[in-house]
Amino acid sequence: DGDLVLIVAGDTKSTNAALASLRHEMGSRLDLTDTDMMHFAFITDFPLFEWNLDEQRWDASHHAFCMPKAGYEKFLSEAPGKVIAQSYDLVCNGLEMASGSIRIHDRKMQEDVFAVLGYTKEEVSERFAQILDAFEYGAPPHGGIAPGIDRLIMVLMNKESIRDVIAFPKTQSQMDPLFGAPSMVEESQLEELHLEVVGIDIEEIN
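With the sequence shown counted from 1, adding 1420 to any position gets you the numbering used here.
This is the structure:
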């Protein structure tokens, strides 16, 4: 009867991503989606860590500063994959509209998360000493959410690309045709700000 069965095999993350892309593409091609409908969902049970198959180590699913949900801290040392983060996304029609989290405000908790991610004590001390020291003075619980206004407008206007709703969109190569940016600055401007460009040949670029 013209039916087609597609099977995707692989790890969970890659498989879900492939099937989601296929589902959206076929829904669009076969005109199976109602473009006038807006379906919202709050996703609140993200894992704190995800396994990096290429490097055989744990990565942060969102970032390294998400607070674990209460009761899941016990899995940090023995089963990091079971830890659920206090993070949340607002999704509309399969697209992320806003993302946020409750942040870690306890030094030991932050050090435990860094340990899961494979940081040595020396690396933690060198890179994150300021925030860890600040926790010693009683940092309050804090968090937030950041909406993507331009992406929301893209969905509301039923556009395919976010560049269609931005006043001065950049190209795929991140160039700004209107302002000709990025561009090199004059040496006098660098000297005024006590800046030095290293690692590239300025004459070659000019």
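For glycine and all other residues, C-beta sits at the position ideal for the given N, C-alpha and C.
### Query
With which residues is Leu1552 paired in a DSSP beta bridge?
As a working note, residue 1552 is residue 132 in the sequence shown. According to DSSP, Leu1552 bridges with nothing at all.
### Query
Rounded to a whole number of angstroms, what is the C-alpha to C-alpha distance between Ile1427 and Phe1588?
Position 7 of the sequence shown holds residue 1427. Position 168 of the sequence shown holds residue 1588. Here the alpha carbons of Phe1588 and Ile1427 stand approximately 42 Å from one another.
### Other residues of its chain near Leu1515: CB distance less than 7 Å, five sequence neighbours each side excluded
To locate residue 1515, count along the sequence shown from 1; it is residue 95. Here the set comprises Arg1571 and Val1575.
### Task
Look up Gly1558 in the DSSP assignment and give the residues it is bridged to.
In the sequence shown, residue 1558 corresponds to position 138, counting from 1. Gly1558 has no beta-bridge partner at all, per DSSP.
#### Entry: Residues sharing a beta bridge with Val1511, DSSP
Residue mapping note: residue 1511 aligns to position 91 of the sequence shown, counting from 1. Val1511 is bridged by DSSP to Ala1461 and Glu1516.
#### Entry: Backbone CA spacing between Glu1611 and Val1618 [nearest angstrom]
Reading the sequence shown from its first residue, position 191 is the one you call residue 1611. Reading the sequence shown from its first residue, position 198 is the one you call residue 1618. When only Cα atoms are considered, Glu1611 and Val1618 end up about 14 Å apart.
### Task
Counting only the same chain and skipping the five closest in sequence on each side, list residues whose C-beta sits under 7 Å from that of His1482.
For the purposes of this step, residue 1482 is taken as residue 62 along the sequence shown, with counting starting at 1. Hits under 7 Å: Phe1466, Ala1505, Ser1507 and Ser1521.
### Task
Less than 8 Å between the CB atoms is what I'm expecting for Arg1477 and Gly1430, so what's the real figure, rounded?
In the sequence shown, residue 1477 corresponds to position 57, counting from 1. In the sequence shown, residue 1430 corresponds to position 10, counting from 1. Cβ-Cβ separation between Arg1477 and Gly1430: approximately 19 Å, too far for a contact (criterion under 8 Å).
### Task
Given a cut-off of 8 Å, decide if Glu1531 and Val1544 are closer than it, judged by their beta-carbon atoms.
The sequence position of residue 1544 within the sequence shown is 124, counting from 1. The sequence position of residue 1531 within the sequence shown is 111, counting from 1. Taking 8 Å as the Cβ cut-off, Val1544 and Glu1531 qualify as a contacting pair.
### Query
Roughly how many whole angstroms lie between the Cα atoms of Leu1552 and Lys1579?
Residue 1552 sits at position 132 when you count from the first residue of the sequence shown. Residue 1579 sits at position 159 when you count from the first residue of the sequence shown. Cα to Cα, Leu1552 sits roughly 44 Å from Lys1579.
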